[in-house]
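Residues -19 to -1, 1 to 236 in mature numbering (1 follows the signal peptide of the UniProt record, and there is no 0) are what the sequence shown spells out, letter by letter.
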Amino acid sequence: MRVLISLLAFLTFLSTVSAFAFPPSAWDAPGKKRMTNAERLARGLTPNPPRFKRVLPGIHDTPTNVLPAKRSASASASASPSPTPSSLPKIFTGRIEVKNLQGASYGFIENSQSGVNGVNFGGPIDELHVKVISNTYGGVAQIQATNPEFDAPYYLGGSSTTPQTLGSGFSAGVSLDHVEKAPVGSGATESAVWKINPITKQITAQWVNPDGSRPRTKIGLDIRNNHLVLTGDISAYNGANTWPISEVKFFLVDA
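Now the structure itself:
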């Protein structure tokens, strides 16, 4: 009996020494196998301390929220604005067809050695090819001849010997002619008197008076003399001139 008691005491002593000699943290050292709780209890050791999940560098426990990234990309894209389309010059090319108010065609503006004042009426005279240049979408435009049979200058505009005031009730008119390129409101001769509708390709006139006013401007054709005129009042013009004019419209047609 005394031997059994001594053996139990010796085993208890060994358990105590083992607990101090091999603390729980020793089994967590790299390269050593960690004992299970059952193995520790069988040896008279305390259970393993709880282990908390560790996230290794570069590994995330939750998925990345992609929404901020998309917003960031959008913000980055908007930081470098592209040129505004309306700020770029608009260029149209073709021939200028002359029609009456009912839509019937008289032909195209002629291209002859004498100039551009008349219409070819579908005859043998060549058609003038032009380039319509507008600095803004639907804004004031310049018309330049691209196949001229005549000498320079090569821009189309209104021409008179003295500055003219056009408008309702005024009988004045200016002839269509080839003129020097000039800015808006240049006086007796103006080239920046056109506008083009980018959809219908209709070309309209806008004369600028000496005082800077912009009257409603009409295009007239003197059929008898084959002469094109810009005026503000067809009736007033006809009342003051021997040869009457009829209002016409210009349209740009592909060459």
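From the three backbone atoms N, C-alpha and C, an ideal C-beta is built for every residue, glycine too.
Handout entry: Candidates Asn29, Phe73, Ala85, of which the one nearest lysine 230 by Cα
Key = Reading the sequence shown from its first residue, position 249 is the one you call residue 230. The candidate whose alpha carbon is nearest that of lysine 230 is Ala85.
Practice task
Tell me whether alanine 19 sits in a helix, a strand or coil according to DSSP, three-state version.
Solution key: Walking along the sequence shown from the start, residue 19 turns up at place 38. The answer is helix: DSSP assigns alanine 19 an H, G or I state.
Practice task
Can you grab the Cα-Cα spacing for the pair valine 234 / aspartate 203, in whole Å?
Solution key: Numbered from 1 along the sequence shown, position 253 holds the residue referred to as residue 234. Numbered from 1 along the sequence shown, position 222 holds the residue referred to as residue 203. Rounded to whole angstroms, valine 234 to aspartate 203 spans 22 Å at the Cα level.
Practice task
Would you kindly work out how many angstroms separate the C-alpha atoms of glycine 220 and glutamate 161, rounded to a whole number?
Solution key: Counting from one through the sequence shown, the residue named residue 220 turns up at place 239. Counting from one through the sequence shown, the residue named residue 161 turns up at place 180. About 31 Å.
Handout entry: Identity of the residue in Met16, Thr198, Thr127 nearest serine 152 by Cα
Key = Here residue 152 refers to the residue found at position 171 when the sequence shown is read from its first residue. Answer by Cα proximity: Thr198.
Handout entry: Closest residue to tryptophan 188 among Asn207, Glu171, Val113, Phe73 (Cα-Cα distance)
Key = Reading the sequence shown from its first residue, position 207 is the one you call residue 188. Out of Asn207, Glu171, Val113, Phe73, Glu171 has the C-alpha closest to the C-alpha of tryptophan 188.
Practice task
Assign alanine 50 to one of three DSSP states: helix, strand, or coil.
Solution key: Stepping through the sequence shown from its first residue, residue 50 is reached at position 69. Its pLDDT being 46, under 50, alanine 50 is placed unreliably in this model, and the value from its coordinates should be taken loosely. Here alanine 50 sits in helix by DSSP.
Exercise for the section: Look up leucine -6 in the DSSP assignment and say whether it is helix, strand or coil. Expected result: Your numbering for residue -6 matches position 14 in the sequence shown. Only weak support exists for where leucine -6 lies, its pLDDT of 49 falling under 50; the coordinates are left without a value.
Handout entry: glycine 154 in three-state terms, based on DSSP
Key = Here residue 154 refers to the residue found at position 173 of the sequence shown. In this structure, glycine 154 counts as strand in the three-state DSSP scheme.
Exercise for the section: State the start and end residues of the unbroken beta strand (DSSP E) segment that holds isoleucine 204. Expected result: Translated into the one-based positions of the sequence shown, residue 204 becomes position 223. From DSSP, isoleucine 204 is part of no beta strand (DSSP E); its letter is neither H nor E.
Handout entry: Through-space distance from glutamine 83 to valine 113, alpha-carbon basis
Key = One-based indexing of the sequence shown puts residue 113 at position 132. One-based indexing of the sequence shown puts residue 83 at position 102. When rounded, the distance between both Cα atoms is 25 Å.
Handout entry: For isoleucine 180, three-class secondary structure by DSSP
Key = As a first step, residue 180 is located in the sequence shown; it is residue number 199 there, counting from the start. In the structure shown, isoleucine 180 sits in coil (DSSP, three-state: anything other than H, G, I, E or B).
Practice task
Consider the Cβ of serine 115: report whether some Cβ of chain B lies at a distance smaller than 8 Å.
Solution key: Note that chain B does not occur in the displayed structure, where there is just one protein chain.
Handout entry: DSSP state of isoleucine 106 mapped onto helix, strand, coil
Key = Position 125 of the sequence shown holds residue 106. It is coil, neither helix nor strand.
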